[in-house]
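**Q** Each residue of the sequence shown is one higher than the last, beginning at 14 in the numbering used here.
Quick reminder that beta carbons are idealized off the backbone N, C-alpha and C, glycines included.
Fair warning: this is a prediction, and the values are worked out from it, not measured in the lab.
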Amino acid sequence: MAYPPLPGNDGFGIEMRDLLIRLDQKVEDGLADIKQDFTEIRREQDAIKTRVGTIESELGNRPLLIQQHTEVMKDVSELKLARLTSEARLDGAKTATRFLWSALALVVSVLGYVGYRVEIAPQPVTATHTTTERITVPVTQP
14 MAYPPLPGND GFGIEMRDLL IRLDQKVEDG LADIKQDFTE IRREQDAIKT RVGTIESELG
74 NRPLLIQQHT EVMKDVSELK LARLTSEARL DGAKTATRFL WSALALVVSV LGYVGYRVEI
134 APQPVTATHT TTERITVPVT QP
């Protein structure tokens with residue numbers, strides 16, 4: 014920007030002119046800094062508006078999210094109950110299996126003992142039939 018010459022060519026007019034030019038430059042630099050600061054502030058303001066808009070839209074869906082959360086918690090509790098039930102059934106099946114194995118061992122033991130007594134244990138010999146022989150002894154006379 015060109016400035017008109019000041020009246021009079023004395024040193025005071027030129028110094029005043031130089032002073033005004035420096036002052037004008039400082040004002041322009043200050044206004045440029047302020048403009049840059051405002052631009053940055055507007056950019057931050059736009060970012061904040063965007064974040065607030067996102068939060069508002071998410072809060073608009075909040076009842077739906079609460080309902081979904083409630084359903085998920087209900088499903089989780091049902092799954093926990095099902096797991097506990099299946100674990101209880103499994104424990105019962107293990108106990109029944111142990112009982113059956115014990116009963117089977119008892120039956121095998123009893124049958125083994127009975128089999129030993131019947132087949133292997135020494136038993137007194139008993140005659141199954143009797144044989145009679147007739148022996149005739151000649152009688153001698155004295």
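Would you verify that the beta carbon of residue 56 is, or is not, closer than 7 angstroms to some beta carbon of chain D?
**A** The chain labelled as chain D is not found in the depicted structure, where only one protein chain is given.
**Q** Measure the C-alpha to C-alpha separation of residue 69 and residue 56 and round it to an integer number of angstroms.
**A** Here residue 69 refers to the residue found at position 56 when the sequence shown is read from its first residue. Here residue 56 refers to the residue found at position 43 when the sequence shown is read from its first residue. Computed Cα separation, rounded: 20 angstroms.
**Q** Rounded to whole angstroms, what is the Cα-Cα separation between residue 52 and residue 91?
**A** Position 39 of the sequence shown, counted from the first residue, corresponds to residue 52. Position 78 of the sequence shown, counted from the first residue, corresponds to residue 91. Distance between the alpha carbons of residue 52 and residue 91: 56 angstroms.
**Q** Could you give the distance in angstroms between the alpha-carbon of residue 79 and the alpha-carbon of residue 44?
**A** To locate residue 79, count along the sequence shown from 1; it is residue 66. To locate residue 44, count along the sequence shown from 1; it is residue 31. Approximately 51 angstroms, taken between the alpha carbons.
**Q** Report the rounded CA-to-CA distance for residue 102 versus residue 89, giving the unit in angstroms.
**A** The count along the sequence shown starts at 1 and reaches residue 102 at position 89. The count along the sequence shown starts at 1 and reaches residue 89 at position 76. Spanning the two alpha carbons is a distance of roughly 20 angstroms.
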